[in-house]
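A.B. asks: When the letters of the sequence shown are read in order and numbered with our numbering, they come out as residues 337 to 585. No residue lacks a Cβ here, since even glycine has one placed at the ideal position from N, Cα and C. One structure follows; several queries about it will come next.
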Amino acid sequence: MTVPGTRTRWLRGVRSPAARLRLVCFPHAGGAAGFFHDWAALTPPWLEVLSVQYPGRQDRLNDPCPATMEELAGTVAEALLQESADGLPVALFGHSMGSAVAYEVAGRLEDAGAAPVRLAVSGRGRPRGPHELAARPAPDDDEILRRVRGLDPAGAAVYDHHELRPVIMPALRADFRMLAAHRPAPLRRLAVPVTACGGDRDPVCPVEDLSSWSDVTSRGVEVRTFEGGHFYLTPRKPEVLALLAERLA
C-alpha cells in the first residue's frame, strides 16, 4: 500500500509505509521526474521510489537551472539528507546525465556519513577529470538537437513544435552546458558498489565506458547490458527493475 506524501520541490514520489529502502532516480539531460512515473508500481512494496525534479521544467519551469554540476548535486544532496532523517537507507539510480549527477550526489552523501547502499548508473561512462579531457565548449542549439534526435528520435519530436521550443529548450540547453563543463577534480573514488547498465547498441556509451566506473569505486562494479540503444531503458524497464530489486534486496 502506498499513500501520497508531500515531498520537497526537488523530489517526487509517494510514501510507502512498508519500505525498508529508498531508490532515488535521476533523469537524463532535458528529462524530468516524470520519466520514472511508473517505477513505483513496478517495484516491490519494500522499495520506495523517488525521482529528482531538476529546475527549469514541468512544475519547476520558472525555477532557474543550476549553472554547474556542483551546484545541482549539492542542493539535491541536501534535500536527500533531509528526506533521510527517517533513517531509511538510500540507493541512487541515474540515466545518462543523471548518472553523473547521481555520482556527485553519492560523494556528498558519503561525506555526510549517509553513503548510499548502491549507485546504479545507466547509459554513461564515469566522469572525466580535467587531466583526462578538457572542458568542451557548450554546443549550440542545432548541435544539441542533432544529438538528441540521434539518441531518441521519438522523444525528440517534441522539439519540432516551434511553439513549445522556447519553453522546453532552455532546460535542455542548460543541461548540455553543465555537462560540457563537468570535469571533477579530484576524481572521487566512492566506497559504494556500482551497477552499470547500458544498451548493447548505444552509440554514445559502449560497454567499455560502462566498465570505466570501476575507476571511481573501491567496492567493485557490475556491468549489465540490455538489448537496445541509448534509451534501452524504456522497452527494457521490467528487466532493469528486476535487476535493481535483486541487487537491493
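Exposed or buried, what is G565 when buried is set at 16 or more other beta-carbons lying within 10 Å of its beta-carbon?
C.D. replies: Here residue 565 corresponds to residue number 229 of the sequence shown, with the count starting at 1. Here G565 is buried: its Cβ has 16 or more other Cβ atoms, across all protein chains shown, within 10 Å.
A.B. asks: Return the chain-ordered list of same chain residues with a C-beta closer than 8 angstroms to the C-beta of R555, the five sequence neighbours on each side being excluded.
C.D. replies: Here residue 555 corresponds to residue number 219 of the sequence shown, with the count starting at 1. Taken in chain order, the residues that qualify are L526, A527, V528, P529 and V530.
A.B. asks: Are R358 and L417 closer than 9 angstroms when you measure CB to CB?
C.D. replies: Within the sequence shown, residue 358 is the residue found at index 22, counting from 1. Within the sequence shown, residue 417 is the residue found at index 81, counting from 1. Contact: no.
A.B. asks: Need the endpoints of the alpha helix (DSSP H) that R583 sits in, please.
C.D. replies: For the purposes of this step, residue 583 is identified with residue 247 of the sequence shown, where counting begins at 1. Unbroken alpha helix (DSSP H) run through R583: K573 to L584.
A.B. asks: Classify S387 as helix, strand or coil using the three-state DSSP reduction.
C.D. replies: In the sequence shown, residue 387 corresponds to position 51, counting from 1. S387 falls in the strand class under three-state DSSP.
A.B. asks: Is the beta carbon of C533 sitting closer than 9 angstroms to the one on L579?
C.D. replies: Position 197 of the sequence shown, counting from 1, holds the residue named residue 533. Position 243 of the sequence shown, counting from 1, holds the residue named residue 579. In contact: C533 and L579 (Cβ atoms closer than 9 angstroms).
A.B. asks: Hey, P363 and H431 are a contact pair by Cβ (cut 8 angstroms); roughly how many whole angstroms apart?
C.D. replies: As a working mapping, residue 363 is identified with position 27 in the sequence shown. As a working mapping, residue 431 is identified with position 95 in the sequence shown. Right, their Cβ atoms sit about 7 angstroms apart.
A.B. asks: Are at least three pairs of beta-carbons, each pair with one atom in the segment 567-581 and one in the segment 544-553, less than 8 angstroms apart?
C.D. replies: No: fewer than three Cβ pairs fall under 8 angstroms.
A.B. asks: What does DSSP give as the partner residues of V557 in its beta bridges?
C.D. replies: Locating residue 557 in the sequence shown gives position 221, where the first residue counts as 1. V557 pairs with V530.
A.B. asks: For S420, which option in C541, V360 and V557 has the closest C-alpha, if you only look at C-alpha atoms?
C.D. replies: As a working note, residue 420 is residue 84 in the sequence shown. Taking only the C-alpha atoms, the option nearest S420 is V360.
A.B. asks: Entirely within the segment 442-492 and at least 3 residues each: give me those beta strand (DSSP E) ranges in chain order.
C.D. replies: Those beta strand (DSSP E) runs which fall completely within the segment 442-492 and span 3+ residues are 455-458.
A.B. asks: Does the segment 368-377 come into contact with the segment 385-405, if we say contact requires no fewer than three beta-carbon pairs (one atom in each stretch) closer than 8 angstroms?
C.D. replies: yes
A.B. asks: At which residues does the alpha helix (DSSP H) containing A516 begin and terminate?
C.D. replies: Within the sequence shown, residue 516 is the residue found at index 180, counting from 1. Counting along the chain, the alpha helix (DSSP H) containing A516 begins and ends at R501 to A517.
A.B. asks: With distances taken between CB atoms, is the gap from A377 to Q394 smaller than 9 angstroms?
C.D. replies: Against the sequence shown, residue 377 aligns to sequence position 41. Against the sequence shown, residue 394 aligns to sequence position 58. Not closer than 9 angstroms, so no.
A.B. asks: Using a Cβ-Cβ cutoff of less than 7 angstroms, which residues in the same chain neighbour P466 once the five nearest sequence positions on both sides are dropped?
C.D. replies: As a first step, residue 466 is located in the sequence shown; it is residue number 130 there, counting from the start. Closer than 7 angstroms at the Cβ level, and outside the excluded window around P466, lie R519 and A521.
A.B. asks: Taking G443 as the reference, give the member of A517, R509 and E414 with the closest Cα.
C.D. replies: Locating residue 443 in the sequence shown gives position 107, counting from the first residue. Selected option, being the one with the closest Cα: E414.
A.B. asks: Note down the Cα distance separating A507 from T553, rounded to an integer number of angstroms.
C.D. replies: Residue numbering aside, residue 507 sits at position 171 when the sequence shown is read from its first letter. Residue numbering aside, residue 553 sits at position 217 when the sequence shown is read from its first letter. Approximately 30 angstroms between the Cα atoms of the pair.
A.B. asks: Starting from A427, trace the beta strand (DSSP E) both ways and give me its first and last residue.
C.D. replies: Taking the sequence shown and counting its residues from 1, the one referred to as residue 427 is at position 91. A427 -> beta strand (DSSP E) spans V426 to H431.
A.B. asks: Determine whether the Cβ of D477 lies closer than 9 angstroms to any Cβ atom of chain B.
C.D. replies: Judged by its chain identifiers, the structure shown contains no chain B, having just a single protein chain.
A.B. asks: If the criterion is Cβ atoms closer than 9 angstroms, does the pair A427 and A409 meet it?
C.D. replies: As a first step, residue 427 must be located in the sequence shown, where it is residue number 91. As a first step, residue 409 must be located in the sequence shown, where it is residue number 73. Going by C-beta atoms, A427 is not nearer than 9 angstroms to A409.
A.B. asks: L577 and D551: beta carbons closer than 9 angstroms?
C.D. replies: On the sequence shown, residue 577 is found 241 positions in, with the first residue counted as 1. On the sequence shown, residue 551 is found 215 positions in, with the first residue counted as 1. No.
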